[in-house]
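*Asks:* The sequence shown begins at 0 in numbering that gives the first Met the number 0 and counts up by one.
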Amino acid sequence: MTGSSNKPNILLITSDQQHWRTLGTNNPKIKTPNLDRLAKMGTRFDRAYCTNPTCTPCRASLLTGMWPSAHGAYTLGTKLPEDVPTVTNVLRQAGYRTSLIGKAHFEPLKSTDEVDSSESYPRLRDLDYWRTFNETKSPWYGFDHVELGRMHGDEGHAGQHYALWMEQQGFKDWRKYFHVRSDGVRDTPEDGTLAPSNYKGPGYGWREKMHWQIPQEYHYTTWTAVRTNAMIEESVKAKQPFFCWSSYHDPHPPYCVPEPWASLYNPDDMDSELGKFIEGEFEHMPLPHRMTQQPGADWKVFNEDGKGNHGYHTHWVEGKTLSREQLRKSVAIYYGMISFMDAMIGTTLDTLEKLGQLDNTLIVFTTDHGHFLGQHGLVAKGPFHYDDVIRVPMIAGWPGHIPAGKTSDALQSLADYAPTFLEAAGVETPLWMQGRSELDVWTDKPGAKPRDWTIVENHHNGSAVHLRTLITDRYKLTVYRGRSDWGELFDLQNDPDELKNLFYDGASASLRARMYAKLVDADLEREPAPTRRVSGA
0 MTGSSNKPNI LLITSDQQHW RTLGTNNPKI KTPNLDRLAK MGTRFDRAYC
50 TNPTCTPCRA SLLTGMWPSA HGAYTLGTKL PEDVPTVTNV LRQAGYRTSL
100 IGKAHFEPLK STDEVDSSES YPRLRDLDYW RTFNETKSPW YGFDHVELGR
150 MHGDEGHAGQ HYALWMEQQG FKDWRKYFHV RSDGVRDTPE DGTLAPSNYK
200 GPGYGWREKM HWQIPQEYHY TTWTAVRTNA MIEESVKAKQ PFFCWSSYHD
250 PHPPYCVPEP WASLYNPDDM DSELGKFIEG EFEHMPLPHR MTQQPGADWK
300 VFNEDGKGNH GYHTHWVEGK TLSREQLRKS VAIYYGMISF MDAMIGTTLD
350 TLEKLGQLDN TLIVFTTDHG HFLGQHGLVA KGPFHYDDVI RVPMIAGWPG
400 HIPAGKTSDA LQSLADYAPT FLEAAGVETP LWMQGRSELD VWTDKPGAKP
450 RDWTIVENHH NGSAVHLRTL ITDRYKLTVY RGRSDWGELF DLQNDPDELK
500 NLFYDGASAS LRARMYAKLV DADLEREPAP TRRVSGA
């Protein structure tokens, strides 16, 4: 117990853009001994889904218990309104000490007259601003204390609390290891001189050499663990139950990592980990899927607001856009990034054990969304709702409450985490949350009824890229706004690789109609009702 409280500590550990089959317990090719240790302590959920396959919307869903269409941060480049209620606000009122260490990404990289973003240029590099951030901004989205870093890999977005920490460690020349700031400003003449050089690959984040020279002791993965452990120790010392979100940045591209992790996996051994494009598989898929295999395809029609679309570009066309060797190298580095993160997560499990808190801490590991490693000829992410990008790894452990060493096929949604955390803390789910508590399912309570549907949204670019997917125990339906001639319908039981689209199949007309009806019903079910009805009029 923490002090005299009978409330459990809650530790949410997240990675960024991690394929669901990159855990040692479901893929012997990858080394994740500490996540395997957590899986032995608890239950691995194999059918967990994000709320949107991009960062900001999903992270905001984890924080609010709402789908993106309700909490407002519906796509990348938007801001989660600071007045939107959050699980951390509720937990603070219940006596919890709340903290976020690592990546937030609740706000865009640019401020405007309408949107003021703390995570924008030039503030990202204004270290005086971040030095006093907790004193001037707390509670920020319900967090008593935050320590933030906005970059992925060697991006020039590095700054904030992460930069302050590096300088406190004596690592004053950190700017050399990160690319020049995205606003084009150079802090020093040596900015980016030790960052891996860019490589012209399909989409985002490719590097010529993926072995990053930054010492691992100053890497943001190390920083996230070190500061997470410090927050846990401070909370225990204060005899206060804590909610800590330990938010890792990897394995999100760009693909780069320091030694020894850069050499942990041999690219020549990665062939089995690559997905593939099956000739003809897009014949009965919507137009954008087919365009991903067309070098030089014109995507402008889908870019109506001029801000671009993650994933709407030509992807892996072997021998034309990306070699098999280059993709093998990227997967080897991607796996190395995960194993590095796993090692640091192990230090946090050790800290909980050392402090006698392991048995009184609900620990959940997941990611914000998945990642393509060549499956269907796709790389990274995009508005293509295959399980590779919308399904997420998930492990929940709580000794004495959640069964140890079990796997579950119960459907899970990231929107359910917030209400589940609240029930574990003995707090009623607020009416504004759309998710539902899954605590009975997590604890395998007799008679527990898992949800029989979940929804993945994607409103990425005005009306041009606006789709929605319904997942049930067996089937998956994807519909597109204003495009009645586009659609996807998969039988996940008979076609787990999602190669046969049944949407246009006359023999599946009845199934398609049932799934449409289920989608409408599910949308009604998740409609929030923020206040109770108190009178007839």
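The beta-carbon is built from N, C-alpha and C at its ideal position, and this holds for glycine as well.
Quick caveat, the model's predicted, so the values are computed rather than measured.
Assign Asp-520 to one of three DSSP states: helix, strand, or coil.
*Replies:* Along the sequence shown, one-based indexing puts residue 520 at 521. Helix at Asp-520.
*Asks:* Does the beta carbon of Val-388 sit closer than 8 Å to a beta carbon anywhere in chain C?
*Replies:* This model lacks chain C altogether, as it is built from one protein chain only.
*Asks:* Note down, in chain order, each residue of its chain lying with its Cβ closer than 8 Å to the Cβ of Tyr-198, except the 5 sequence neighbours on either side.
*Replies:* Here residue 198 refers to the residue found at position 199 when the sequence shown is read from its first residue. So the list reads Trp-205, Arg-206, Glu-207, Gln-325, once near-sequence residues are dropped.
*Asks:* Which two residues bound the contiguous beta strand (DSSP E) that contains Met-165?
*Replies:* Your numbering for residue 165 matches position 166 in the sequence shown. Met-165 -> not in any beta strand (DSSP E); alpha helix (DSSP H) instead, spanning 159-167.
*Asks:* So, under 8 Å CB-CB, Met-514 and Leu-466 are touching, yes? Tell me the CB distance rounded to an integer number of Å.
*Replies:* In the sequence shown, the residue the question calls residue 514 occupies position 515. In the sequence shown, the residue the question calls residue 466 occupies position 467. That pair is no contact at about 14 Å.
*Asks:* Given this structure, state the Cα-to-Cα distance separating Gln-212 from Pro-257, to the nearest angstrom.
*Replies:* Translated into the one-based positions of the sequence shown, residue 212 becomes position 213. Translated into the one-based positions of the sequence shown, residue 257 becomes position 258. Between Gln-212 and Pro-257, the C-alpha separation is close to 6 Å.
*Asks:* For my contact list, Ser-338 and Thr-31 are in at a C-beta cut-off of 8 Å; report their separation, rounded to the angstrom.
*Replies:* Taking the first residue of the sequence shown as 1, we reach residue 338 at position 339. Taking the first residue of the sequence shown as 1, we reach residue 31 at position 32. 7 Å between Cβ atoms; contact.
*Asks:* Would you call Leu-11 buried or exposed, if buried means 16 or more other Cβ atoms sit within 10 Å of its Cβ?
*Replies:* Here residue 11 corresponds to residue number 12 of the sequence shown, with the count starting at 1. Per the 10 Å Cβ criterion, buried.
*Asks:* For Thr-135, count the other beta carbons within 10 Å of its own beta carbon; 16 or more makes it buried, fewer makes it exposed. Which is it?
*Replies:* Residue mapping note: residue 135 aligns to position 136 of the sequence shown, counting from 1. It is exposed - the Cβ of Thr-135 has fewer than 16 other Cβ atoms within 10 Å.
*Asks:* Round the Cβ separation of Asn-457 and Lys-306 to the nearest angstrom and send it over; I've been treating them as touching at under 8 Å.
*Replies:* On the sequence shown, position 458 is the one that residue 457 refers to. On the sequence shown, position 307 is the one that residue 306 refers to. Not really, about 15 Å apart at Cβ, beyond 8 Å.
*Asks:* May I ask you to list the residues that DSSP assigns as paired with Lys-405?
*Replies:* Indexing the sequence shown from 1 puts residue 405 at position 406. Note: Lys-405 sits in a beta bridge opposite Thr-42.
*Asks:* Mind reading off the beta-carbon distance from Arg-124 to Arg-180? Whole number of angstroms is fine, and I expect it under 8 Å.
*Replies:* Counting from 1 along the sequence shown, the entry for residue 124 is found at position 125. Counting from 1 along the sequence shown, the entry for residue 180 is found at position 181. At roughly 6 Å, the Cβ-Cβ gap stays under 8 Å, so Arg-124 and Arg-180 are in contact.
*Asks:* For Asn-8, does the count of other Cβ atoms within 10 angstroms reach 16, so buried, or fall short, so exposed?
*Replies:* The sequence position of residue 8 within the sequence shown is 9, counting from 1. Answer is buried; the Cβ neighbour count reaches 16.
*Asks:* What's the gap between the Cα of Leu-413 and the Cα of Met-65?
*Replies:* Mapped onto the sequence shown, residue 413 falls at position 414. Mapped onto the sequence shown, residue 65 falls at position 66. The straight-line gap from Cα to Cα measures roughly 9 Å.
*Asks:* Got a sec? Which residues, its chain only, sit under 7 Å from Gln-159 by beta carbon, not counting five neighbours each side?
*Replies:* In the sequence shown, counting from the first residue as 1, residue 159 sits at position 160. For Gln-159, where only same-chain residues beyond five positions count, the Cβ hits under 7 Å are Leu-123, Trp-129, Leu-147, Gly-148, Arg-149.
*Asks:* Going by DSSP, what residues sit across from Asp-494 in a beta bridge?
*Replies:* Sequence index remark: in the sequence shown, residue 494 carries index 495 (1-based). DSSP lists no partner for Asp-494.
*Asks:* Between which two residues does the alpha helix (DSSP H) carrying Tyr-416 extend?
*Replies:* In the sequence shown, residue 416 corresponds to position 417, counting from 1. Residues 416-423.
*Asks:* State buried or exposed for Lys-444, treating a residue as buried only when at least 16 other CB atoms are found within 10 Å of its CB.
*Replies:* Within the sequence shown, numbered from 1, the residue matching residue 444 stands at position 445. Classification for Lys-444: exposed.
*Asks:* List, from N- to C-terminal side, the alpha helix (DSSP H) runs of 4 residues or more that fit wholly inside the region 326-404.
*Replies:* Correct list: 386-389.
*Asks:* To the nearest whole angstrom, what separates the beta carbons of Phe-44 and Ser-407, a pair I think is in contact under 8 Å?
*Replies:* If you number the sequence shown from 1, residue 44 lands on position 45. If you number the sequence shown from 1, residue 407 lands on position 408. At roughly 5 Å, the Cβ-Cβ gap stays under 8 Å, so Phe-44 and Ser-407 are in contact.
*Asks:* Would you check if the distance between the CB atom of Cys-57 and the CB atom of Gly-152 is smaller than 8 Å?
*Replies:* Locating residue 57 in the sequence shown gives position 58, where the first residue counts as 1. Locating residue 152 in the sequence shown gives position 153, where the first residue counts as 1. No; because the gap between Cβ atoms is not below 8 Å, this pair is not in contact.
*Asks:* Excluding the five sequence neighbours on either side, which residues of its own chain have a C-beta within less than 8 Å of the C-beta of Thr-360, listed in chain order?
*Replies:* Locating residue 360 in the sequence shown gives position 361, counting from the first residue. Within the same chain, Thr-360 has close Cβ partners Pro-7, Asn-8, Ile-9, Leu-10, Leu-351, Trp-397.
*Asks:* Give me the Cβ distance between Trp-173 and Tyr-217, rounded to the nearest whole Å; I'm assuming they're in contact under 8 Å.
*Replies:* Mapped onto the sequence shown, residue 173 falls at position 174. Mapped onto the sequence shown, residue 217 falls at position 218. Yes, Trp-173 and Tyr-217 are in contact; Cβ-Cβ is about 7 Å, under 8 Å.
*Asks:* Could you check whether Ile-454 and Leu-410 sit closer than 8 Å to each other, using their CB atoms as the reference points?
*Replies:* In the sequence shown, counting from the first residue as 1, residue 410 sits at position 411. In the sequence shown, counting from the first residue as 1, residue 454 sits at position 455. No.
*Asks:* Pick from Arg-323, Gln-356, Ala-47, Ala-93: whose alpha carbon is nearest that of Asp-270?
*Replies:* Taking the sequence shown and counting its residues from 1, one reaches residue 270 at position 271. Comparing Cα positions, the closest option is Arg-323.
*Asks:* DSSP three-state label for Pro-32, please.
*Replies:* The sequence position of residue 32 within the sequence shown is 33, counting from 1. Looking at Pro-32 - three-state DSSP - the assignment turns out to be helix.
*Asks:* How do the region 280-295 and the region 477-487 stand: do at least 3 beta-carbon pairs fall below 8 Å, yes or no?
*Replies:* The region 280-295 vs the region 477-487: in contact.
*Asks:* In or out: Lys-353 buried (at least 16 other Cβ within 10 Å) or exposed?
*Replies:* As a position in the sequence shown, residue 353 is number 354, starting the count at 1. Lys-353 is exposed by the Cβ-count criterion.
*Asks:* Excluding the 5 residues flanking Pro-195 on each side, which residues of the same chain have their C-beta closer than 7 Å to its C-beta?
*Replies:* As a first step, residue 195 is located in the sequence shown; it is residue number 196 there, counting from the start. The answer, listed in chain order, is Asp-153, Arg-206, Glu-207, Lys-208, Met-209, Trp-211, Cys-255.
*Asks:* Would you give the residue range spanned by the alpha helix (DSSP H) that Asp-70 belongs to?
*Replies:* Mapped onto the sequence shown, residue 70 falls at position 71. The residue asked about is misnamed: residue 70 is His in this sequence, not Asp. 67-70 is the span of the alpha helix (DSSP H), which, as asked, contains His-70.
*Asks:* Relative to the C-alpha of Leu-491, which candidate in Gln-17, Lys-39, Arg-46 has its C-alpha closest?
*Replies:* Taking the first residue of the sequence shown as position 1, residue 491 is located at position 492. Nearest option by C-alpha distance: Arg-46.
*Asks:* Which residues does DSSP list as the beta-bridge partners of Lys-475?
*Replies:* On the sequence shown, position 476 is the one that residue 475 refers to. Per DSSP, Ile-470, Phe-489.
*Asks:* Can the beta-carbon of Asp-341 be found less than 8 Å from the beta-carbon of Asn-33?
*Replies:* Taking the sequence shown and counting its residues from 1, one reaches residue 341 at position 342. Taking the sequence shown and counting its residues from 1, one reaches residue 33 at position 34. A contact, by the Cβ cut-off of 8 Å.
*Asks:* If you measure between the beta carbons of Asp-538 and Tyr-247, is that distance less than 8 Å?
*Replies:* The structure shown does not extend to residue 538, since the chain spans only 0 to 536, so no value can be given for it.
*Asks:* Output the boundary residues of the alpha helix (DSSP H) element that contains Val-225.
*Replies:* Residue mapping note: residue 225 aligns to position 226 of the sequence shown, counting from 1. Run containing Val-225: 219-236, per the alpha helix (DSSP H) assignment.
*Asks:* Take the Cβ of Ala-424 as the centre, count every other Cβ of all protein chains shown within 10 Å, and call the residue buried at 16 or more, exposed below.
*Replies:* If you number the sequence shown from 1, residue 424 lands on position 425. That one is buried.
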